[in-house]
Amino acid sequence: MSDTALELVSDLEDARIAAMCEQDAETLEGLLSEAMVYTHSSGSVDTKASFLDNVRKGPVQYRSVERSDHTARLAGDTALFSGRAKIHVEFDGHPLDLDLRYL
210 MSDTALELVS DLEDARIAAM CEQDAETLEG LLSEAMVYTH SSGSVDTKAS FLDNVRKGPV
270 QYRSVERSDH TARLAGDTAL FSGRAKIHVE FDGHPLDLDL RYL
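Numbers 210 to 312, taken from this note's numbering, label the letters of the sequence shown in order.
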């Protein structure tokens, strides 16, 4: 994967985060793989279908994601992102601030 491809994947990751915060399930539908597995900080796991259903209906609504220490690396034809994120969500209408590390 070239630097240009890594830039493209980074742009798509930015679009994914924006779509999550905007509850834009239609955009996420096109961005996410059918093989997607999303493990939340709580340990719960979503498939693409269940994740999109949650974006559409709640109970979690992503309000903002602020990344720091963000790095992007290539491993063959795979892009790996890691860093720290401060995520503001609403869970069942209650604000919740998370400070997480991600890979």
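Cβ coordinates follow ideal geometry from the N, Cα and C atoms, glycine included.
Taking all protein chains in view, the Cβ of A244 is surrounded by fewer than 16 other Cβ atoms within 10 Å, so the residue is classified as exposed.
Taking C-beta atoms as the reference points, F290 and A284 fail to come closer than 8 Å. By alpha-carbon distance to G302, the top candidate from Y271, L240 and T256 is Y271. By the criterion of a C-beta distance shorter than 7 Å, P268 is surrounded in its chain by F300 and D301, once the five residues flanking it on both sides are discounted.
Each residue's CA atom was taken as its position, placing R276 and A294 some 4 Å apart. Contact check for V254 and M229: beta-carbon distance about 17 Å, past the 8 Å limit, so the pair fails to qualify.
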